[in-house]
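*Asks:* Chains as they are written, first to last, in the numbering used here: chain W, -19 to 461; chain V, -19 to 461.
2 protein chains.
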Amino acid sequence: MTKESNEGLTAKKEENFSEWYQQLIIKSDLADYTSVSGCMVFKPKSWMIWEKIRDACDKEFKKQEIKNVYFPLFIPEKLLTKEEEHVKGFAPEVAWVTHAGNKKLNERLAIRPTSEAIIYDSYSKWIRSHNDLPLKLNQWSNVVRWEFNNPVPFFRTREFIFNEGHTVFATEKEALKEANIIKKIYEKVVENLMALPGIYGRKTQKEKFAGAVFSEKIHYMTPGGKVIEGPCFHHDGQNFAKAYDIKFSNKLGEKEYAWQNTWAISTRMLGTMFTIHSDNKGLIIPPRLAEEKLVIVPILFEETKKQILNETKKIKKLLKKFNPILDLREDVSPGWKYNEWELKGIPLRIELGPRDLETKSVMVIKRNDNKKISIKIKNLQKEIPKLLEQIQLELFDKAKEILTSSYAKTEDKKELIKLVKNKKMVMIPLCNSEKCEEKLKTETSGIKTLFIDPKNKPVKNKKCLICNKQADYWVYAGKSY
Amino acid sequence: MTKESNEGLTAKKEENFSEWYQQLIIKSDLADYTSVSGCMVFKPKSWMIWEKIRDACDKEFKKQEIKNVYFPLFIPEKLLTKEEEHVKGFAPEVAWVTHAGNKKLNERLAIRPTSEAIIYDSYSKWIRSHNDLPLKLNQWSNVVRWEFNNPVPFFRTREFIFNEGHTVFATEKEALKEANIIKKIYEKVVENLMALPGIYGRKTQKEKFAGAVFSEKIHYMTPGGKVIEGPCFHHDGQNFAKAYDIKFSNKLGEKEYAWQNTWAISTRMLGTMFTIHSDNKGLIIPPRLAEEKLVIVPILFEETKKQILNETKKIKKLLKKFNPILDLREDVSPGWKYNEWELKGIPLRIELGPRDLETKSVMVIKRNDNKKISIKIKNLQKEIPKLLEQIQLELFDKAKEILTSSYAKTEDKKELIKLVKNKKMVMIPLCNSEKCEEKLKTETSGIKTLFIDPKNKPVKNKKCLICNKQADYWVYAGKSY
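1) For residue 36(W), which residues in the same chain have their Cβ closer than 7 angstroms to its Cβ, ignoring the five residues on either side in sequence?
2) Do residue 353(V) and residue 342(V) have their CB atoms nearer than 7 angstroms?
3) Can you list the residues of chain V that residue 71(W) reaches, using a CB-CB cut of under 9 angstroms?
4) Under a CB-based cut-off of 7 angstroms, is residue -3(W) close to chain V?
5) Measure the alpha-carbon distance for residue 67(V) versus residue 34(W) and round it to whole angstroms.
6) Measuring straight from C-alpha to C-alpha, what distance separates residue 29(V) and residue 254(V)?
7) What's the gap between the Cα of residue 129(W) and the Cα of residue 1(V)?
8) Smallest Cα separation from residue 392(W): which of 428(W), 443(W), 384(W) and 83(W)?
9) Does residue 212(W) come within less than 7 angstroms of chain V when only Cβ atoms are used?
10) Measure the Cβ-Cβ separation of residue 155(V) and residue 239(V) and say whether it is below 7 angstroms.
11) Looking at the structure shown, is residue 126(V) part of a helix, part of a strand, or coil, going by DSSP?
12) Give the DSSP-derived three-state secondary structure of residue 259(W) in the structure shown.
13) Span of the alpha helix (DSSP H) holding residue 342(V)?
14) Compare the C-beta of residue 24(V) against all C-beta atoms of chain W and say whether one is closer than 7 angstroms.
15) Anything in the stretch 44 to 61 of chain W with a Cβ closer than 9 angstroms to a Cβ of chain V? List those residues in chain order, please.
16) Count Cβ pairs between the stretch 39 to 46 of chain W and the stretch 82 to 99 of chain V that sit closer than 8 angstroms; are there 3 or more?
17) Any chance you could list the beta strand (DSSP E) runs of at least 3 consecutive residues sitting entirely within the stretch 393 to 437 of chain W, in chain order?
18) What are the boundary residues of the alpha helix (DSSP H) that includes residue 220(V)?
19) Inspect the beta-carbon positions of residue 348(W) and residue 374(W) and report whether they are closer than 7 angstroms.
20) Exposed or buried, residue 335(W), counting other C-beta atoms within 10 Å across all chains shown (16 or more means buried)?
21) Specify whether the stretch 272 to 285 of chain V and the stretch 324 to 331 of chain V touch according to this definition: at least 3 beta carbon pairs, one from each stretch, less than 8 angstroms apart.
22) Listing by chain order, which chain W residues have their CB less than 7 angstroms from the CB of residue 75(V)?
23) For the 8 angstroms Cβ check, are there 3 or more pairs between the stretch 408 to 416 of chain W and the stretch 379 to 388 of chain W?
24) Between residue 409(V) and the rest of its own chain, which residues show a CB-CB distance below 7 angstroms, the 5 nearest in sequence each way excluded?
25) Taking Cβ-Cβ distances below 8 angstroms as the criterion, which residues of the stretch 140 to 165 of chain W are in contact with chain V?
26) Count the C-beta pairs between the stretch 48 to 59 of chain W and the stretch 5 to 18 of chain V that are closer than 8 angstroms, then say yes if the count reaches three, no if not.
27) With residue 228(W) as the anchor, note down where its alpha helix (DSSP H) starts and where it stops.
28) Leaving aside the five residues before and after residue 249(V) along the sequence, list all residues of the same chain whose C-beta is less than 6 angstroms from its C-beta, in chain order.
29) Quick check on the DSSP output: what are the complete beta strand (DSSP E) runs of length 3 or more inside the stretch 283 to 332 of chain W, in order along the chain?
30) Pick helix, strand or coil for residue 98(V), following the three-state DSSP scheme.
31) In or out: residue 121(V) buried (at least 16 other Cβ within 10 Å) or exposed?
32) Which residues in the same chain as residue -5(V) place their Cβ atom closer than 7 angstroms to its Cβ, once the five residues preceding and following it in sequence are excluded?
33) The alpha helix (DSSP H) with residue 24(V) in it runs from where to where?
34) Looking only at C-alpha atoms, which of 175(W), 7(W), -8(W) and 191(W) sits nearest to residue 64(W)?
35) Under DSSP, the alpha helix (DSSP H) around residue 66(V) begins and ends at which residues?
36) Using DSSP bridges, identify the partner residues of residue 538(W).
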C-alpha cells in the first residue's frame, strides 16, 4: 500500500462519467492496463468477485444437468464461415493466428470470438439419435473480439471471459422452454449477489446475435441514463444445425435437424455492477461479494493507545468470519485511512476511540450511505451481519429505484430525444424494418432500440415513429454502452 | 448411448501402449479430436475431474494467501523477448497473432505459452517498496505451445490448461522456503485425489525451465517404465527481476531486485492418471474423482422382473449420494452392460438377480480388480463407502508398487540400457556438463536425465558415466514421455 494510492477520485460520476469510471477501476485496485493494447489485468479484487459469480451460476447450471466441457481456443477459418450471418457478425473482430514458431500455417486460425463454430462441428459428430438429446453443455472460456474503439476496462476489452452454454434439443418446444430456466438462473445470481435488478426483453432482429432466430437479454440501467446489456439467451432454431449438419434420427428413424440455444454471462457484468453502485468517494460492492467485509480503525492517543489496540485486536478476532482488515498503520491519520477504505469499497468501517472504550461500544459506518451507528462491542457479532444484509438490500433498492424511475413512453420523436436526454428508457411504436432502426439512430444522434416491450402491448392504429406506417411493436429505446 | 460405444479396447496396454491409450481416451468418453490439428475437446467426464483437481489446489493456494488474477492471453513480441533464456525456450513453439479483422497488426502478438512476460511487466509497475512484498498471485489459464510432434490427448496438445503461480519475495531465503510449501500442496492433491504417488526431484540445468535458476518436479512412473513429469516448481532467482526490472526499496531505502518463483500443475496430469490406473478393459478412475461412483444392473427374467426392477430402484434411492446409474435398458444383455461400464470406468457395479432377491443381497463388483462381494441390501449404505475407499487405496498402493520397484542404480552404460529396457529408473553418476547429457541421450537411444538424486548421495571417486571425469551428482535417468 503506497501513499499515492490514497488519492481519491478527482472526477465526478455525474459530471464526467468516463473519467470517473477509469479512475475508479484503477484507484480502487480492480484492474490495470497492460502493454497489450485493449486488454486488461483482472486484479485479485475483481477476479474474486468473478469467481463468485461464476461459481454461483455454475451451481445452478449443474442443477439443470448442464455439464461443463472445454473446447479449443482456435477455430479453423473454414469452420467459422459455415453460418453466413454468424461469420458476418464476427469476422470484422476476429484475431487471426497465421504463424507458429517460424512456420506459416496452412490455414489461418481464428481465436474464438464465441465457440459455436468449433463446438457444433463436434456436435455434428456426436449427435446421432434422439437418445443423444437433449445435449446440454457449457464452458467457461476466454474469448477475443478485436474492438477498434477505445477500450474500457470490463466493458470493452479485446479479451473477456464468459460462460457459453450450448444446448441441443429434439424439438423447438423444448428449446424454447429453456429460455425461462436460463433467464431465472442469471436473474437470481445477479439480483442476489450483485444487487442489480434488470429488465428482460427480446432484441429486435437488427440487434440480435449473429446467427440466432431471436436474442433476449437482461438490461441494466445506470444512474447516467445509459442501458447496459447483461446476460443473454439466444434461440438459434435450426440455423446452426443446418449450417453444421447437426441431425438426429427421431423415434421413427427419420433424420431431423436439431434445435439449439446458446446463453452467456460475461465479465462485462462486473463493470455494470461497479458503475451502478459506486460513488464519488470510490468503490461500493455488495457485501455478499466483498472479500473483506469490514475494516477496523483504532483512534490512537498516547494514554489509551495500549487499551485501544488490545480492544481492536479482540474485535478482529470476534469478527473473524467477516475477514476484517485491522488497520494499525501509525504513519497515517484515521481520516486518511477512512478515505482509503472508502475508495477501496470496504462495506463497513468500525472506529474505536477513547470515548467508545468507556461505553464499551464502537462506531460503525456504512460505506453505502455513510450512516454511523454506535454498537456495543458485545452485540457486534449479532449486529454486523444484519448491517451487511441491510447494505446489500439498500444497494438493490437504490438500483431498482433508478430502473423503475427510468421508464417512459412517447409516440413523438422530439419528445423521445428529450426523454432520453433526461435519462429515460422510452417505449416507442416502431415497425420492424431495419431501415427504420437505422434511421432512428441517425436522426436522434444515437438513440437505439434496446428491447421489444416485454408486455407486448398492442400497437393497433399506432404509427412507426420513423416511417409513419403501421407499427409492429412497442420497443424500448435509449442510449446504451 | 449408441451400440457402437460398447466396442471395447482392441489394443493391449502392455503390447501397444500408444494405440491402447488413444482408444481408451476416445472410447471411454474422456476427450475427442477436433478440426483444429493438435487440439482436443475435454468432454464432461475429463473436465469434471480437472475441476476437482483445480478446486482442491485452489483451496490450498488460498490458505497460503495466494490470490487469483487474470492476465491477458496476448504477449507483445517485445515483452516476450526480454529474458533471453526464456524466449529461446519458448519462441519455437509460439503461436502468433498477426491480423485482426482485415487489419495487419503493428506488432505481432504471442499467445501466451506461459505468462511470465506479461505478468512481470505489470509487477515492475506494481512493486515499489518492501511493503508490497511478498506478492503471491496465481492464475488458471489456457496456454498454447505449438507442438510439431504428433499430438496425444492430455499429454501433448497445442493448447492445455494449467495454473501458473507467480510469487515475488524480498529475499532469496523466503523464495526458497516456498518450494516445500508448493510441493506439499501438489503432492497432497495428487496423492489424495488422483491416487498417484510421485517422486520429487530437481532437474539438471539442461532440463530446467527456460529462465529459471532451478526447476523441481514431481515425477510419476507408468507401468510401461516411462516417467511422466507432473507439477513443477521453478525458482527464478533474480533472473526475471533483472530482465523485467522488478525492483523494490528495502527498509534502508535502497533499491534491490526481487526474488521470484513460478509453479504449475496442468491438464497433462489427467493423462498421467488415466495411463497409470487404467487397464485393457478400459478406464479406471479413483473413486474420489468419479462423478458416478456406481452402476446398478438388474438381471431380468420374466417371472421376477417386476420385483427386481422395484428392488433396483429402491437401491438407487438408498445410494443416491454416490450418484448411481441405474441401467434399465432391455435391448442389451447384462454382459454387454458390464463391458460398457467397465470401459467407462465406473468404480463399482451392483448386480441384482433372482437368487440375490431370495437372500436379500446384491453382488458388488470392484472395477479395479474385478473382485465380487455379496452384500446384504440393508448393509449397502455402510459398505459402499468402505469399498470405494478401498479401491482408492488399492489404486494408490498399486501405483506405489510400480514406482518403488522401478528404482535401480548402476555405474555402467550397458547395464543402464538394460535396466531401462526393464522399465527401471536408474541412478547413475554424471558430471554437470550439458554435453554429457546430450551424449547420454544419443549413445543410449533416448535415455535422458530425469532428476538429480533427491538424497544427494556423495559422488566422491565416482566417474561420470559418459566422460569418465569426476561425477558431480547421482542422477536418475530413464525414458520419459
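Every residue, glycine too, gets a C-beta built ideally from N, C-alpha and C. Note that the structure is predicted; figures quoted are calculated from it, not measured.
*Replies:* A quick look at the data gives this:
1) 169 and 173
2) no
3) 81 and 82
4) no
5) 34 angstroms
6) 11 angstroms
7) 48 angstroms
8) 443(W)
9) no
10) yes
11) coil
12) strand
13) Element bounds for residue 342(V): not the alpha helix (DSSP H) but the beta strand (DSSP E), 341 to 346.
14) yes
15) 47, 48, 49, 50, 51, 52, 53, 54, 55, 56, 58 and 59
16) no
17) 405 to 410 and 428 to 432
18) 219 to 224
19) yes
20) exposed
21) yes
22) 77 and 80
23) no
24) 391, 439, 442, 443, 444, 445, 451 and 454
25) 141
26) yes
27) Residue 228(W) -> not in any alpha helix (DSSP H); beta strand (DSSP E) instead, spanning 227 to 229.
28) 210
29) 328 to 332
30) helix
31) buried
32) none
33) 24 to 43
34) 191(W)
35) 64 to 70
36) No answer is possible for residue 538(W): it lies beyond the span of chain W, which begins at -19 and ends at 461.
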